[in-house]
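There are 2 protein chains.
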Amino acid sequence: MNTNIDSMSVNALRVLSADAVQKANSGHPGLPLGSAAVTYELWAKHMKHNPKNPQWANRDRFVLSAGHGSALLYSLLHMFGYGNLSIEEIKNFRQWGSLTPGHPEYKHTVGVEATTGPLGAGMAMSVGMAMAEAHLAAKFNKENYDVVDHYTYVLGGDGCMMEGISSEAFSLAGTLGLSKLIVFYDSNNISIEGSTDIAFTENVQKRFEAFGFQTLVVEDGNNLEEIGAAIEAAKADKTRPSMITVKTQIGFGCPAKQGKAAAHGEPLGADNVDDMKDCLGWPSKEPFFVPEEVYANYNAIVEKLAGEEEEWNKLFADYSAKYPEMKELWDQYYDENAAEKILDNEDFWTFSDKPDATRNISGALINKLKDLLPNFIGGSADLAPSNKTEMKGAGDFSKEDYAGRNLHFGVRELAMAAIGNGIALHGGLKAYVSTFFVFADYVKPMARLSALMGLPLTYVLTHDSIGVGEDGPTHEPIEQLAMLRAMPNFSVFRPADATETAVAWYYAVSNKTTPTALALTRQNLPKLAGASKEALKGGYVIEDSAKEVPDAILMASGSEVELAIRAKEELAKDGMDVRVVSMPCMDLYEKQSDEYKESVMPKAVRKRVAIEAGADFGWGKYVGLDGAYVTMKGFGASAPANILFEKFGFTVDNVVKTVKSL
Amino acid sequence: MNTNIDSMSVNALRVLSADAVQKANSGHPGLPLGSAAVTYELWAKHMKHNPKNPQWANRDRFVLSAGHGSALLYSLLHMFGYGNLSIEEIKNFRQWGSLTPGHPEYKHTVGVEATTGPLGAGMAMSVGMAMAEAHLAAKFNKENYDVVDHYTYVLGGDGCMMEGISSEAFSLAGTLGLSKLIVFYDSNNISIEGSTDIAFTENVQKRFEAFGFQTLVVEDGNNLEEIGAAIEAAKADKTRPSMITVKTQIGFGCPAKQGKAAAHGEPLGADNVDDMKDCLGWPSKEPFFVPEEVYANYNAIVEKLAGEEEEWNKLFADYSAKYPEMKELWDQYYDENAAEKILDNEDFWTFSDKPDATRNISGALINKLKDLLPNFIGGSADLAPSNKTEMKGAGDFSKEDYAGRNLHFGVRELAMAAIGNGIALHGGLKAYVSTFFVFADYVKPMARLSALMGLPLTYVLTHDSIGVGEDGPTHEPIEQLAMLRAMPNFSVFRPADATETAVAWYYAVSNKTTPTALALTRQNLPKLAGASKEALKGGYVIEDSAKEVPDAILMASGSEVELAIRAKEELAKDGMDVRVVSMPCMDLYEKQSDEYKESVMPKAVRKRVAIEAGADFGWGKYVGLDGAYVTMKGFGASAPANILFEKFGFTVDNVVKTVKSL
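Taken in order, these protein sequences are the chains called V and R.
What the first sequence shows, in the working numbering, is residues 1 to 662, in sequence order.
What the second sequence shows, in the working numbering, is residues 1 to 662, in sequence order.
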């Protein structure tokens, strides 16, 4: 029997993980068994955290990028006494209503810093967390008062390393010299299809050296001393992020499965779990049994950890006394309601009457928000001059100046979105990211995580239709509106003019639980007389019919609202009295009451035409079986934008003809 | 005046590119000016191609991954006399109906090997081309008869290198030792937001060394000899792919713009074009002027190039005579109609009556297709055991055995899709790629390129709904059906049983111009009595009402068709006579005649309920204003699948209640 308390404490994580997977008859024991030691060493002896206050602003962050290893994370959270993660929850692993779902879910389980599962995502989000830390430290720290000073740890496996998103994110992390980012690479040479040799023989360490990381190796992933020394070496590097390759054996401790692909994603089998307990010298075969002395060891660690926050609380109290203006600023940064008052800020809602592209209007609004929200931070994937996302005079976030608020992501859309999530997860900052709308495709996997986690990250997506023009079909969004609108808990605005653009931005920054995308034009649009804050309802009557029940309803978004209004005028000449509905945000419209929806689009009116320079997909809910569409039927083309709108039928004539055909 | 004919020939590419962009008043002169020399040296002196027969099977492939530099590619194609790319087309750069769209488009312009524009895509597609070459060479070459023996060249810039997709693809290329892949890295240190230093200081060469590439450097990107020597050194390496860093100056030759971000994506300005012509010693300022002797030089090269194909034609004729069975096999590989006869192959359409998961059924069909189509090749992003994509006994494609037909992509979904495109672009092979359906998000940007290029690549996407169960919301597709259905020229099948799965596969492999996705279940489904080849119409009546005009229509796809049928039976007990429509492929249903659609879903029937374990988005077109939905209202959860279906309302009771509520 193994009695060393550290070793027992490591094995407790293995036993709980294996038992949880076995009871659920579903899950991934391989990583928990292989990585139990590295996480115990980290959480018990190096990481600054206070399980009694999981929200402590200056805690070290830990992200399990290999989210399938959730059983390990839950075992850690349980043993360290986080939240209310009782042993019953461990027993309910992967069951309906439990706090222990198949992959870790942010906000669902106390102590989970990020939702992970899609491989590589956690890696990139951790870079965002480290950027947030660096920025806040640069903004708030004063001599002898490092009130923001914590590490970000992330653990991923071969899969995380193969995913392109990690290369994108770590290349940027190296460029930015994020020395407080420490990456654990759980290297076990096994993937689902077998040895990693079949698809992954690259020299990962050398790749990280190329990125500008310090690289370290732990030859024995069960040797706590060796692990501890590597962590301290990583912390000691003050100019580069560190990557620690930890050589482990997948399914360690389970004789029948260790080192094999079969250990990865299925229960070990009851007999194999028993064998594992024998092999580890565990004192009982009773499922979920952990000896009292092991709990006692964890409890003692937790008591010590609480002291770290106490020290920080004192530091922060002194800081607040000495720098009251900084304390005030701090409270502004952490005030989730700060943006609400923008609704009544006259300057924010004042625009020129001149036609302008919504991307330009957005650019002007971003520069207003820069002053209204000191914690507003963001940037583009190397398209700032086109996306109009630069905050003038706000500095560039760089290795030399982490206080800069303009982020330069490079041509890395997917990592950008994940980094945006990481910044939002960190807390204290309000972030936006930006690229061309067609590249919403690239950001989609991470936009989905924004939505799942309920992070109010803003996606500024310009060049929103065939209005792109000469760049042609590779750069012209068609199905992207449908793609994003179909996603739960994600709001897509396609504003028709300046007022609606301001509504979109107001919604985006004042919202607390939903990411927002703004689809913005490259080309100029007129300011519309009927546009108003009613746009906050997602869809509203922008030009009404004279009759209470109109002859027909034209519905449109963005650049096509103007076209709908012009068609209405033309139809009036023929005696048709139509209503124009502007639909800047279908997602919000869906949330309105049936009464409101009936008032905007009465069911009695069956002559309905949807006009949008995108796929018709999704409009059928409003068009019904008797209406028609003026939309794109296929991909775009390369030509000046005005030619494209004409060739693809976005003309008053065609809209009029379509209405009359009903 | 510069009279060296090579130098003049290089400058002709610069002049035409700059003039084209200037006349269009739109486009990207920076890369063409910087990379004119490397492409001229390659195309004129090292690349095996025959402009008189751009379809020659054994030609070297060239992909311009930095697709925004299209003006350079068009200038090359024009000067080398490809297709009908006249000087008029160059003058019509980026105009409606021209052969010279903003980014290169496959099938649109003769000689364009791949549609590019989304950065990094061409890099990854070139890896697919090199894999196709390696595989076909292993299959067909005989001693002294290397009938498949060509290089794949790809040129990309800093943006291509920053995108994660290129890391994914090149890591795999290194693992596979694809020595006939030669990558040009146009390194000019400039990105749109300015110096690459702001976001990209990594050591790119070192990264490629880590991947297992030979790395070479051309210090002067205008020195043809130096470029030529590097290309030959790259060719000489028989075990590793090569990466050649070519140091260039963006906008070279234009004094006002060279070396600046402003050279990248906007016209140089008429005066600057004139200055450039002075600077390059060009003999005339007349736009689009190229001296006769330069055309003569290109023509002479083209004559010589034609000889290479003649030699190969002789070789291939001898080979065909000596190995008639190989010639027969070759013809089978290149027969686009080969799959059509599967429609009448009884074995293909024969299934057990036992309930089974459609992923398993698909796995069995893949193993039938393996024998029916010798050129069938594919694999998964490290999920083959779950996706059921292994072709048993067909070998693993590896450095040691390029004849293997099972591809192992590693955990690299995005590159996998691009590689699939590259294989399809190469010709001779019929490819499929596979991952979990939720990771359709990751493949989307490249699936869009499949659709744009009209490549019949098949996406096998298993674990298609909350049927995923315990893995939880990160792994449960909700909006992915809508995302893919909304895309033009892309067919999404969600089969309800074995017959419909066979229909989906038959459609996928017999189709020539449309990519297909198969969304397949993890869980078992019964074989449905009403399922038939009618599914090829996308939507059809699978269980009819007794009345000609039913009381209501239930429409569903995949696993929910069975539920609809059971609800119909329950409703019959209450005297309601409903029709069940199975909708395995909305995209195909949309292509049917109005008459057919009216016969399936008569407009007179307004009581309509759509049932699908996904977002309702897109069903409104069939449900109309008076119907209802039994669909997912948000993300899924982690629990056993049967519990999830019940909790989220996919029960007979709930469907019945919903129908009755209308």
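From the three backbone atoms N, C-alpha and C, an ideal C-beta is built for every residue, glycine too.
Non-local C-beta neighbours of residue 287/R in its own chain, meaning closer than 6 Å and more than five positions away in sequence, comprise 19, ordered along the chain.
Straight-line spacing of the CA atoms in residue 575/R and residue 553/R works out to 14 Å. Residue 334/V has its alpha-carbon roughly 11 Å from the corresponding atom of residue 424/V.
Annotation: residue 463/V has no Cβ neighbours in chain R at a cutoff of 7 Å; minimum Cβ distance is about 12 Å.
Interface with chain V (8 Å Cβ-Cβ cutoff): residue 193/R is included. If you check each beta-carbon in the segment 461-491 of chain V against every beta-carbon of chain R, the ones closer than 9 Å belong to 468, 469, 470, 471, 472, 473, 474, 475, 478, 479, 480, 481, 482, 483, 484, 485, 486, 487, 488, 489, 490. Between the alpha carbons of residue 6/V and residue 44/V lies a distance of about 9 Å. Between residue 163/V and chain R, the shortest Cβ-Cβ separation is below 8 Å. Taking residue 216/V as the centre and dropping the five residues before and after it, the same chain places the C-beta of 230, 233, 234, 242, 243, 244, 245 closer than 8 Å to its C-beta, in chain order.
Going by DSSP, residue 408/V is part of the beta strand (DSSP E) stretching over 406-408. Contact of residue 382/V with chain R is assigned, a C-beta pair being separated by under 8 Å.
Neighbourhood of residue 172/V in chain R, by CB distance below 7 Å: 199, in chain order. For a cut-off of 8 Å, the C-beta gap from residue 37/V to residue 222/V is around 5 Å, short enough to register as a contact. When only Cα atoms are considered, residue 224/R and residue 434/V end up about 39 Å apart. The beta carbon of residue 146/R sits no closer than 8 Å to any beta carbon of chain V. CA-CA distance, residue 568/V to residue 349/R, rounds to 54 Å. Distances from the CA of residue 371/R to each of 470/R, 22/R, 393/R were compared; the closest alpha carbon is that of 393/R. Within a 10 Å sphere around the beta-carbon of residue 513/R sit fewer than 16 other beta-carbons, which makes this residue exposed.
Taken through DSSP and simplified to helix, strand or coil, residue 490/V comes out as coil. Where residue 153/V is concerned, the enclosing beta strand (DSSP E) starts and stops at 152-157.
For residue 196/V, the secondary structure class from DSSP, reduced to helix, strand or coil, is helix.
When only Cα atoms are considered, residue 205/R and residue 239/R end up about 18 Å apart. Taking C-beta atoms under 8 Å as the contact rule, residue 93/R and residue 71/R qualify, at a distance of about 6 Å.
The beta carbon of residue 482/V sits closer than 8 Å to those of 614, 615, 617, 618, all from its chain and outside the five residues before and after it, given in chain order. Apart from the 5 residues on each side of it in sequence, residue 437/V sits with its Cβ closer than 7 Å to the Cβ of 461, 462, 463, 464, 477, 480, 519 in its chain, given in chain order.
Between the C-alpha atoms of residue 565/R and residue 408/R there is a straight-line separation of about 39 Å.
In its chain, beyond the 5 residues on either side, 121, 414, 417, 418, 421 have a beta carbon closer than 7 Å to the beta carbon of residue 446/V. The beta carbons of residue 491/R and residue 507/R sit about 7 Å from each other, so the pair counts as a contact at 8 Å.
In this structure, residue 64/R lies away from residue 109/R, with their beta-carbon atoms at least 8 Å apart.
Three or more Cβ pairs closer than 8 Å define a contact, and the segment 162-174 of chain R falls short of that threshold against the segment 78-91 of chain R. If you look at residue 95/R, you'll find it isn't in any beta strand (DSSP E); DSSP assigns it neither H nor E.
For residue 436/R, the enclosing beta strand (DSSP E) stretches over residues 430-436. Look at residue 294/R here: in three-state DSSP terms it is helix.
Taken through DSSP and simplified to helix, strand or coil, residue 270/R comes out as helix. Within the same chain, 381, 382 come within 8 Å of residue 411/R by CB-CB distance, once the 5 residues on both sides are set aside. Annotated as proximal: residue 316/V and residue 147/V, with beta-carbon spacing under 8 Å.
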